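Trainee: Numbering (the working numbering), first residue to last: 979 to 1176. Here it is, the structure, as structure tokens.
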């Protein structure tokens, strides 16, 4: 994990269900942060709309999430994947099965992923130069369910030319970080006092 009490800059991008949050952390505090209401739920909506507009099939959020988990990708996969989905055919109104591919899902989710990349760029631009150089050297850490989208780390890295890593257990990072903070309270208290005196 990241030692947030260190005087170096670390950038964490948390792609959750409802929001994506970007934070630059140093000396136990958040130096710069920003968030947008674009994340996993938005991607589900984009998949629903894509399937409706391109496959003429109405599906619900549960199906969209299954599609995202199974086929969701930010870059073109070497081996394309596909799955069968069931929904209501919009012309006949009857239940029907159709095939959706990882390429289609990538296309559907692209607008959300682009907005997340823009948020990372904007936050980096607001970061003090000395901390930005730490981030360029150390890379960016992705957490949250959205970090599990295949190739999202690669795409962000290509677009901003900084290494990007997915946290070891992206879904547990917040809970684990809170537990670690409680354990390291004395160390963090010292860092916070030092911050206040500046």
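Every residue, glycine too, gets a C-beta built ideally from N, C-alpha and C. This structure is a prediction, so every number in the text was calculated from the model and none was measured.
Classify residue 964 as helix, strand or coil using the three-state DSSP reduction.
Mentor: Any answer about residue 964 is impossible in this case: the structure gives the chain only from 979 up to 1176.
Trainee: Please name the residue, chosen from 1019, 1053, 1055, that lies closest to residue 1038 on a Cα-to-Cα basis.
Mentor: Among 1019, 1053, 1055, the Cα nearest to that of residue 1038 is on 1019.
Trainee: Can you name the residues that DSSP bridges to residue 1065?
Mentor: 1074
Trainee: To the nearest angstrom, how far is the alpha carbon of residue 1032 from that of residue 1090?
Mentor: 18 Å
Trainee: Are the stretch 1114-1129 and the stretch 990-1004 touching, with three or more C-beta to C-beta distances below 8 Å?
Mentor: yes
Trainee: In this structure, how does DSSP classify residue 1007 when only helix, strand and coil are distinguished?
Mentor: strand
Trainee: I'd like to know if the stretch 1009-1024 and the stretch 1055-1073 are in contact, where contact means that at least 3 CB-CB pairs between them fall below 8 Å.
Mentor: Three or more Cβ pairs closer than 8 Å define a contact, and the stretch 1009-1024 falls short of that threshold against the stretch 1055-1073.
Trainee: Assuming residue 1002 and residue 1009 form a contact by the criterion Cβ under 8 Å, report the distance between their Cβ atoms to the nearest whole angstrom.
Mentor: 5 Å
Trainee: Distance, Cα to Cα, residue 1131 vs residue 1143?
Mentor: The straight-line gap separating the alpha-carbon atoms of residue 1131 and residue 1143 is approximately 6 Å.
Trainee: Spatial neighbours of residue 988 within its chain, please: CB distance less than 8 Å, with the 5 preceding and 5 following residues excluded, ordered by chain position.
Mentor: Excluding sequence neighbours, residue 988 sits near 980, 982, 1002, 1003, 1004, 1112, 1113, 1116, 1119.
Trainee: Output needed for residue 1053: all residues of its chain with C-beta closer than 6 Å, excluding positions within five of it in sequence on either side, in chain order.
Mentor: Within the same chain, residue 1053 has close Cβ partners 1129, 1132, 1133.
Trainee: Pull the bridge partners of residue 999 from the DSSP assignment, please.
Mentor: 992, 1013
Trainee: For residue 1037, report the span of its beta strand (DSSP E) as first-last.
Mentor: Run containing residue 1037: none; DSSP gives neither H nor E here.
Trainee: Is it buried or exposed, residue 1139, if we count other Cβ atoms within 10 angstroms and call 16 or more buried?
Mentor: exposed
Trainee: Looking only at C-alpha atoms, which of 1106, 1097, 1029 sits nearest to residue 1068?
Mentor: 1029
Trainee: Using DSSP bridges, identify the partner residues of residue 1109.
Mentor: Paired residues: none, contrary to the question.
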